[in-house]
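Okay, structure first, notes after.
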Amino acid sequence: MKTGEKVLIIDRRGKRYLVTVSDKEFHTDLGVIKLNELLEKDYGDTVTSHKGEEFRILKPDINDIIAKMRRGPQIVHPKDAGIIIAYAGISPGDTVIEAGAGSGALTLFLANAVGPTGRVISYEVREDHAEIARKNVELAGFSNRVMIKLGNIYEGIEEEHADHIVLDLPQPENVLPHAVGVLRPGGYFVAYTPCANQVHRFFQAFQEYKKEFYKPRIIEVLVREQEVKKECMRPKTTMLAHTGYITFLRKL
Ligand code: SAH
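Taking the working numbering, I'd label the letters of the sequence shown as residues 38 to 289.
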């Protein structure tokens with residue numbers, strides 16, 4: 038472990054903390070941890086607080102970072118981010134243009150998928166959201182593969198080529214005219230929209246561009262978590278019923 042490294046520590050109750058290896062102390066209700074003790078540790082080891090409580094040390098993954106990062110606007114849920122990456126075939130080395138960056142959660146999932154040789158260029162029209170997204174990109178250690186760009190993507194895309202375009206903003210149809218000249222054949226245009234009327238409006242605008250794309254696919258993802266007890270396994274009583282519709286268009 039090195040100074041400055043982000044580390045996940047988990048207490049006996051399962052509570053997770055994201056800490057930075059440094060000379061500082063970290064205070065919890067289960068006692069104080071000296072963060073420089075992490076220098077001699079490996080992932081899987083434990084560190085002990087002054088109250089004798091043990092904390093397990095893990096390498097944080099993308100979900101830990103997103104759970105702990107600062108949020109501005111509502112983030113894309115992992116169930117939706119996962120299917121965007123899978124259905125669009127987003128791969129290591131790809132260049133993805135995204136908008137809006139928002140809190141940067143989808144940005145981080147995309148950056149994780151394109152890997153160190155890929156690029157995510159994310160447009161964000163609001164300075165305050167761009168700032169939150171930039172900090173979260175830095176927290177995840179993805180600054181060298183992600184650029185958060187202050188700008189309105191409805192006005193145009195500055196980049197000449199993209200493997201994919203991924204949008205979470207109110208009017209994705211405003212990006213269609215810019216997308217056709219930028220997307221590589223075989224690449225995807227993905228639009229995440231919470232409301233059915235947004236999908237409908239998008240499809241009206243899409244009619245003008247339909248020769249440019251393979252047949253569209255629109256989905257909604259439902260995840261039903263299960264609970265397992267001694268005598269009974271069953272779905273949890275409540276579930277996340279709706280987040281958004283996801284529209285996939287493949288460029289011809
Ligand atoms: N997917 C993000 C959340 C995006 S919220 C996440 O997971 O964290 C939608 C964002 O789109 C907002 O921050 C909003 O400011 C931005 N936005 C809206 N219209 C835009 C436009 N025309 N160009 C760039 N960003 C835009």
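C-beta atoms are modelled at their ideal positions from N, C-alpha and C, and glycine is treated no differently.
Between Y229 and D200, the C-beta gap is not smaller than 8 Å, which leaves the two residues out of contact. Annotated three-state conformation of A118 is helix, per DSSP. Looking from the CA of D117, the closest CA among L95, R287, P272 and I283 belongs to I283. For N234, the shortest C-beta to heavy atom distance toward the ligand SAH is 7 Å or greater. Within the region 38 to 66, the complete beta strand (DSSP E) runs of at least 3 residues fall at 43 to 47, 53 to 57 and 62 to 65.
In the three-state DSSP reduction, A136 falls in the strand class (E or B).
Residues of the same chain with a CB within less than 7 Å of the CB of V56, apart from the 5 flanking positions on each side, are V44, I46, F63 and L72 in chain order. Exclusion of the five residues before and after E262 leaves P272, K273 and M276 as the residues of its chain whose Cβ lies within less than 8 Å of its Cβ. Segment contact: the region 94 to 106 against the region 119 to 128, fewer than three CB-CB distances shorter than 8 Å; contact not assigned. Looking at P214, D131 and C232, the one whose alpha-carbon comes closest to that of T154 is D131. Distances from the alpha-carbon of S140 to those of L76, V157, M106 and D82 put M106 closest. Distances between the C-beta of D101 and the heavy atoms of the ligand SAH are all 7 Å or more.
No Cβ-Cβ contact shorter than 8 Å links A138 with A177.
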